[in-house]
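Here is the structure we will look at.
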Amino acid sequence: MGNRNNLASAAVSEADKIKAINKELSKFSQKYEDLPPRTQKYLLLAEDFLIDQSSQMNHLFKNFKTVSFSVDAFCTYAGVTRQALYKKNSNQQQSYKPVIDLINSVGPKYESKRQEVIRDYIRSGTIDQQLMNSLLAKEAERMQIKRELEEKNAQIRTLEAQVKALERQLNNVHRMS
């Protein structure tokens, strides 16, 4: 759907949004113009959402590099000193050892994931296109499932009406007997 960094930095016309939407929908053999007005409205809203999310993600990514999952970072977060966290009680045991153990156990997993995200971001040059493709694929899939659900619900209503009609006929037959 184009580069959302450029889209987010400038006002995007509705025509540009529709062009971007059609580009993605063409992957699913659909056209914006062929969809109901309400779906079109939500597609435009989704495009605005994706542009906004992309802008927010880029802003967050700049700060993402400074995220830390260490005991020191926790101390800053909790407003305690590292010394207080490691201080031993009267039994010569660390009162906060479970806290330290948790951070030292889980922190590296998050750090590894953070590094992986950074590598992927750098490798791909931009994560926007991947996210957009994924989101639009999911949206198109959701719309298809919704259409199928509406069809199934219509079939159910028809079958329920037929069942009621048959029940009435059966009741009429029993009354006549």
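Here our numbering is used: the first residue of the sequence shown is 956, the next is one more, and so on. Idealized CB from N, CA, C, for every residue including glycine. Since the structure is predicted, the reported quantities are computational estimates derived from the model, not experimental observations.
Could you please give the first and the last residue of the uninterrupted alpha helix (DSSP H) stretch that includes residue i?
i        : result
Glu-1002 : 992–1019
Lys-978  : 969–980
Val-1026 : 1026–1033
DSSP three-state call for residue i: helix, strand or coil?
i        : result
Lys-1043 : strand
Gln-1124 : helix
Gln-985  : coil
Gln-1048 : coil
Val-1072 : helix
Ser-1023 : coil
Indicate whether at least one CB of chain C lies closer than 7 Å to the CB of residue i.
i        : result
Tyr-1076 : In the structure shown, chain C cannot be found, because there is only a single protein chain.
Is it the case that the Cβ atoms of residue i and residue j are separated by a distance below 7 Å?
i        : j        : result
Phe-1024 : Tyr-1065 : yes
Asn-1044 : Ser-1050 : yes
Glu-907  : Leu-1086 : The question about residue 907 has no answer here: the residues shown for the chain are numbered 956 through 1132.
So which of the options has the shortest CA-CA distance to residue i?
i        : options                               : result
Asp-1056 : Leu-1040, Gln-995, Gln-1047, Asn-1044 : Leu-1040
Val-1022 : Ser-1009, Asp-1007, Val-1072, Ile-973 : Val-1072
Phe-983  : Met-1098, Lys-1042, Gln-1008          : Met-1098
If residue i sits next to residue j, beta carbons under 8 Å apart, how far is it from one beta carbon to the other, in whole angstroms?
i        : j        : result
Arg-1037 : Val-1026 : 7 Å
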